[in-house]
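For the sequence shown, the numbering used here gives the first residue as 536, with consecutive numbering after it.
Heads up, the beta-carbon is just placed ideally off N, CA and C, and yes, glycines get one too.
Remember, it's a predicted structure, so these values are computed and weren't measured experimentally.
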Amino acid sequence: MELVEVKGSESFSQILIGESIDNLKNYTSNSKLFIITDGNVKRLYSNRFPIAPLYCIEPGETSKNFQTTIDIYRWLLENNADRSSFIVGIGGGVVCDMAGFVASTFMRGVNFGFVATTLLAQVDASVGGKNGIDLDGYKNIIGTFNQPKFVICDISMLKTLPPIEFANGMAEVVKHALISDKSMFDDIEKNRIEILALNERLIEYLVTRNVRIKASIVEADERENGLRRVLNLGHTWGHAVEKLTGIPHGQAVSIGLVFAANLSLEKGLLSLDERNRLESILSNIGLPITTDANPKHIFEVLQKDKKRDNELVHFVLMKGIGSVEVEKINLKELEKFIQK
Ligand SMILES: NC(=O)c1ccc[n+]([C@@H]2O[C@H](COP(=O)([O-])OP(=O)(O)OC[C@H]3O[C@@H](n4cnc5c(N)ncnc54)[C@H](O)[C@@H]3O)[C@@H](O)[C@H]2O)c1
Ligand SMILES: [Zn+2]
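Rendered as structure tokens:
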């Protein structure tokens, strides 16, 4: 088992990689426990949950809203939860976001932790202390900064994950490698087959490296004042693709990473060979690198999202593999680039 500590300004979080869900009780002290999960995770794993009141949401992003939040608050009240209660979210990013948001706001905040059960939740959503819900089509627009007490990343639980969900998580893994870890990029290229076969030792190593990368960025800029922006690599274009086409987030990020690589290539920051390596690694993982959607329509969505920020967009560019820089790019320049 590996332990990574994330030091937030007000609290700190322990990420336990390779720990088992069976040991969950060891981390919740003697507090009264409340568990939030989703239908898929409940079906597969509830026989291993500790005995505690259980709230089950419908799987998927559409559950991450105020109605679910209110339903959970009422359920907590009905079950006599109080300020000393402990909430645990067991599931993917949707469950972690819901549980983290509810716990941060119920009675002005109660202690909480996660068992992260998707690759995306383990390498991204459960690390960093952002807990958000959606409103009117805006993702994560309402939320808190608040660190969970612990995150258990039980690698063996990834075995039941649909391959497409695993690939979605890998898009964020490749993103982290591009931001700051060239040797992880090389390792993924070399060990792709074993990674996709879910070799537990390799995945534990990969999750640990990713958690360390995200944790160090978050520690340097917990409230997203600047540095944390690098985590948006691939997401400016990717979010617009996701909004327009409705494809899963990881797939959209993959397309967004290739877009960012092409723009970096155009600006002389990335070589053609590096761009091609990125395309291969993503395709080999099973992620798309192109979309049928019209780039003009994608641009329109991006533009609408960015309107408030004058005509400039903070765009994360690649400086080779393993290094990035954030540039303020004029929307007109971006428009010209997509017309090429
Ligand atoms: N707070 C943050 O910093 C942050 C960062 C990134 C993403 N997110 C959020 O995370 C969410 C996406 O997370 P996700 O990709 O984990 O989605 P998800 O939680 O919807 O999980 C994906 C699917 O896998 C199922 N599942 C979960 N664990 C499983 C397991 N072990 N075996 C089989 N099936 C399993 C779920 O039921 C669901 O159907 C988004 O809402 C996104 O906004 C938050
Ligand atoms: Zn993402």
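In this structure, the beta-carbon distance from Thr679 to Phe621 does not fall below 7 Å. A direct Cα-Cα distance of roughly 36 Å separates His784 from Asp617.
As computed with DSSP, Ile668 is found in a beta bridge with Ile677. In the structure shown, Gly704 falls within a helical segment according to DSSP collapsed to helix, strand and coil. Ile690 sits away from Glu729, with the two beta carbons spaced by 7 Å or more.
Along the segment 545-584, the alpha helix (DSSP H) occurs as fully enclosed runs of 4 or more residues at 574-580, listed in sequence order.
Nearest C-alpha to Ser858 among His832, Ala795 and Asp840: Ala795. In this structure, Arg583 places its C-beta atom within 7 Å of the C-beta atom of Asp557. The Cβ atoms of Leu766 and Ser789 do not sit closer than 7 Å to each other. In this structure, Val629 has its CB closer than 6 Å to one or more heavy atoms of ligand 1. Those residues whose C-beta sits under 7 Å from the nearest heavy atom of ligand 2 are, from N- to C-terminal order along the chain, Asp659, Glu707, His770, His784 and Val788. Annotation: the continuous beta strand (DSSP E) that includes Val848 extends over Leu847 to Met853. Less than 7 Å divides the Cβ of Gly627 from the Cβ of Thr652. Cβ contact annotation for His711 (same chain, cutoff 6 Å, sequence separation greater than five): Asn745 and Ile748, in chain order. Secondary structure note for Gly648: it is in no alpha helix (DSSP H), and the uninterrupted beta strand (DSSP E) holding it is Asn646 to Ala651. Beta-bridge partners of Glu540 (DSSP): Gln549. In the three-state scheme derived from DSSP, where H, G and I count as helix and E and B as strand, Asn797 is classed as helix. Assignment of Leu768 by DSSP, reduced to helix, strand and coil, places it in the coil class.
Spatial neighbours of Glu814 in its own chain (CB-CB distance under 7 Å, excluding positions within 5 residues in sequence) are listed in chain order as Val793 and Ile824. Counting only residues of its own chain and dropping the five nearest sequence neighbours on each side, Trp772 has a CB closer than 6 Å to the CB of Gly791 and Phe794.
The beta carbons of Ile856 and Glu809 sit about 5 Å from each other, so the pair counts as a contact at 8 Å. Restricting attention to beta strand (DSSP E) runs no shorter than 3 residues, the segment 708-778 encloses none. Here the alpha carbons of Leu807 and Asn600 stand approximately 42 Å from one another.
For Ile752 and Gln657, the gap between their C-alpha atoms comes out near 16 Å. Under the three-state reduction of DSSP, Leu589 is assigned to strand. Just so you know, the alpha carbons of Thr780 and Glu870 end up roughly 19 Å apart.
With at least 16 other beta carbons inside 10 angstroms of its own, Ser799 counts as buried.
Around the beta carbon of Gln786, 16 or more other beta carbons sit within 10 angstroms, so the residue counts as buried.
In the structure shown, Ile824 adopts coil according to DSSP, grouped into three states.
Listed in chain order, the non-local C-beta contacts of Trp610 below 7 Å within the same chain comprise Tyr590, local neighbours out to five positions each way being set aside. With fewer than 16 neighbouring CB atoms inside 10 Å of its own CB, Ser718 falls in the exposed class.
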